[in-house]
Amino acid sequence: MKHKQKKIEYPPPGPELSGGWTNLLRIFGPGAIIATVTVGTGETIFAPRIGAVFGYAMLWVIVVTVMFKAVQVYTGARYLVLTGEHPMQAWARIPGPRAWAAWLIGLVAVTSFPLWIAALADAVSSLCVWITGVGGEVSWGRPLWGTVIIVVAMLFSLVQTYNVIERVSTVILVFKVILIFIAVMVIKPDWVAAWWGFVTPQLPDYQPWVATSYPKIAANPSWLEMAVLMGAVGGGVQDYVGYVGFLREKKWGAAGLADCSPQNLPNDKKMIARGKQWLRAPAFDTIVSFGSVLLITCCFMILGAAVLHPRQLVPDDADLYSKQSQFLGLVHPALVTIYKAGIFFAIFGVIYAAFELYTRTAYESLRALWPKREWDIRKLRLWVVLYSGLGGLAILWTGFQTVRIAKYISPLSGVLGCGLWCLAMIWVERTQLPRTYRMKGVLLLLTIIAGIAMTLIGGYVTVRNWSN
309 MKHKQKKIEY
319 PPPGPELSGG
329 WTNLLRIFGP
339 GAIIATVTVG
349 TGETIFAPRI
359 GAVFGYAMLW
369 VIVVTVMFKA
379 VQVYTGARYL
389 VLTGEHPMQA
399 WARIPGPRAW
409 AAWLIGLVAV
419 TSFPLWIAAL
429 ADAVSSLCVW
439 ITGVGGEVSW
449 GRPLWGTVII
459 VVAMLFSLVQ
469 TYNVIERVST
479 VILVFKVILI
489 FIAVMVIKPD
499 WVAAWWGFVT
509 PQLPDYQPWV
519 ATSYPKIAAN
529 PSWLEMAVLM
539 GAVGGGVQDY
549 VGYVGFLREK
559 KWGAAGLADC
569 SPQNLPNDKK
579 MIARGKQWLR
589 APAFDTIVSF
599 GSVLLITCCF
609 MILGAAVLHP
619 RQLVPDDADL
629 YSKQSQFLGL
639 VHPALVTIYK
649 AGIFFAIFGV
659 IYAAFELYTR
669 TAYESLRALW
679 PKREWDIRKL
689 RLWVVLYSGL
699 GGLAILWTGF
709 QTVRIAKYIS
719 PLSGVLGCGL
729 WCLAMIWVER
739 TQLPRTYRMK
749 GVLLLLTIIA
759 GIAMTLIGGY
769 VTVRNWSN
C-alpha cells in the first residue's frame, strides 16, 4: 500500500517577519554575499567604461538589467522557500532528454567558474601593478600577481564558514555603498542628463574620439558593449544557483526542511498563508542586495560619465583602474589611497566569497543531476576550489585579460543563462505548483519579459562572439 506523503508544515515566522519592514534588516545575509560577489568587474570596470564612452546614455541598461536579475533570483528563492526544493531539481523534470535543462544551466554555470576567477584575478593584479609599480614592464607581471591573489583566496576559502562569509560580505558591501555614494555627491554630475539616461532607452553611436584613441572599442557595435555590461552587472547563473542554495542556511519557510517537493505542499489555508508570509524574507533580501547593486553600478557609471567622458579617458585591458582613481582624487588627492585600498579589498572579497558560492552552485547542480547519490559539500568544496582556482590560473597565463574574458563569458552566463532560468521557472510554476502558490500579476509578467529578452539578447551575442 502506498504511503500518503506528509504535507509540509512551515515553521512559525519569527518576530522579524511579523513586524514592519525595518525588522527585516535582522534577516539580511545571503543577499550581502550575492551583492558582494556580483559587485565586481561589472560595476567597477564596465560601468565606468560605458560611462566614459557613451556618457549618461546607457544608465537605462543598468536599471533594466538589475530589475530583470532581481526578478530572476527572487523566482528561484521563492520556489525554494515554498517547496523546500531547489529549482535545479525541478528543472531536471522538464520533458525531453533526462535532466537536459538542469544539465544546460549547470554546464553554463560550472564552465564560468574558472573564467570569472581569471577575470577577477586579472583585475586585482592590474590594480597591484598600478599600486606597487612592480610587474608592469614584463608580460608575466600581471599573471604572477594574479597567481598570488588566486592562491591566497583559495587557501582562505578552504577554512571559511558561511557565517564568516556573510559577516565579511556585509561589511564590504556597506563600505562600497558609502564610499562611492559620497564620491558622486561631491563630484556633482549633470543630474538632468543622468535622469534622461535612466528613462530614455537608446543605443548611442561612438563619438569620433573613441575611434581615434580606442579603435578596438570602436570596432565593436554599441549593442555588443551593452550586452557585455548586462552580463557583467549583477552576476550570472554561476552565482545565483549557489545563492538560492544559501537560503537553506537561513531555514526560511521550507528551505530548512529535508526531502520536500511540490507534492508535499499543504492545502490548509492557514499553512498556505504562513508559507506566503515567509516570502517576505527572500523578497527583502533580494530587494536590498540588488538595490545595492543598482546604486553602486549607477554611481560608477555616473562617475565615468562626469569625470572620464569629458577627458576622453576609457578603462581598458592595459589599464583597468588608474583612470577611475580620479573619482575620489578630484575630491581630495589623499582619497586616491583610500580608493586603491577600497577597490583592492572589494575585488579580493569577490574572489574570496566566489569560491564558496561556486561550491554551492556545483552542489545544487550535482544533487539535481544525480539525486540518488549522497553529496558531501565539504569534500566537494576542495574539488570546486581546485577546479576554479587552477583553471583560472591556466587562463591567466595564456595572456587573456579581464575585458576580453568578460566579452566572451558574460553574455553566456550573465544574460543567456539568466534568460533560460526565467523561462524554466515559468514552466515549473505552471506545471508543478498548485494555482494558489503560483506567481501572478506583475511578477509573472516581469519574469516572462526578462526570460524572453535575456534569452534572445544573450543567445545572439553568445553565438556571434564564439563563432568569431
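Counted the way my numbering counts, the sequence shown spans residues 309 to 776.
For each residue, glycine too, the CB sits at the ideal point set by N, CA and C.
Quick caveat: nothing in here was measured; it's all calculated off a predicted structure.
Boundaries of the alpha helix (DSSP H) in which residue i is found, first to last residue
| i | result |
| --- | --- |
| LYS559 | Where LYS559 is concerned, there is no enclosing alpha helix (DSSP H), given that its DSSP letter is neither H nor E. |
| VAL601 | 588 to 611 |
| GLN380 | 367 to 391 |
| VAL644 | 643 to 677 |
| VAL460 | 449 to 467 |
| PHE362 | 355 to 362 |
| ARG401 | Note, ARG401: premise wrong, no alpha helix (DSSP H); not H, not E. |
Residue i classed as buried or exposed, judged by whether at least 16 other C-beta atoms fall within 10 angstroms
| i | result |
| --- | --- |
| PRO784 | Coverage of the chain is limited to positions 309 through 776, which leaves residue 784 absent and any answer about it impossible. |
| ALA581 | exposed |
| GLU445 | exposed |
| GLY486 | What sits at residue 486 in the sequence shown is Ile, not Gly. Exposed, since its Cβ has fewer than 16 Cβ neighbours within 10 Å. |
| ARG668 | buried |
| THR706 | exposed |
| SER673 | buried |
| LYS631 | buried |
| SER286 | There is simply no residue 286 to check, as the chain begins at 309 and stops at 776 in what is shown. |
Test item: CB-CB of residue i and residue j under 8 Å
| i | j | result |
| --- | --- | --- |
| ILE506 | ALA761 | Before going on, a small fix: residue 506 reads as Phe here, not Ile. For PHE506 and ALA761, no; Cβs fall outside 8 Å. |
| GLY392 | ASP430 | no |
| ASN572 | LYS314 | yes |
| LEU279 | PRO590 | Summary: the structure shown does not reach residue 279, with the chain confined to residues 309 through 776, and so no result is reported for it. |
| GLY697 | ILE457 | no |
| VAL545 | CYS726 | yes |
| LEU587 | ARG386 | yes |
| PHE354 | VAL536 | yes |
| GLU533 | ILE713 | no |
| THR763 | LEU724 | yes |
| MET462 | PHE663 | yes |
| VAL372 | PHE598 | no |
| TYR514 | VAL711 | no |
| VAL494 | HIS394 | no |
| THR383 | CYS730 | yes |
Residue i in three-state terms, based on DSSP
| i | result |
| --- | --- |
| ASP624 | strand |
| VAL615 | helix |
| TRP683 | coil |
| VAL789 | One cannot answer for residue 789 here, as it falls past the ends of the chain, which runs 309 to 776. |
| PRO319 | coil |
| TYR768 | helix |
| HIS311 | For HIS311, the pLDDT reaches just 43, beneath the cut-off of 50, and the residue's location in the model is therefore unreliable, although a value from the coordinates is still provided. Three-state result, HIS311: coil. |
| ILE490 | helix |
| MET747 | coil |
| ALA535 | helix |
| SER433 | helix |
| LEU704 | helix |
| ASP547 | helix |
Separation of residue j from residue i, as counted between CA atoms
| i | j | result |
| --- | --- | --- |
| SER718 | LYS577 | 43 Å |
| ILE488 | ALA409 | 39 Å |
| GLU682 | PHE656 | 33 Å |
| TRP411 | ALA400 | 8 Å |
| LYS648 | ALA398 | 44 Å |
| PHE464 | TYR660 | 7 Å |
| ILE425 | PRO618 | 33 Å |
| VAL437 | GLN380 | 37 Å |
| PRO422 | ALA702 | 9 Å |
| VAL389 | ILE316 | 11 Å |
| TYR364 | VAL518 | 16 Å |
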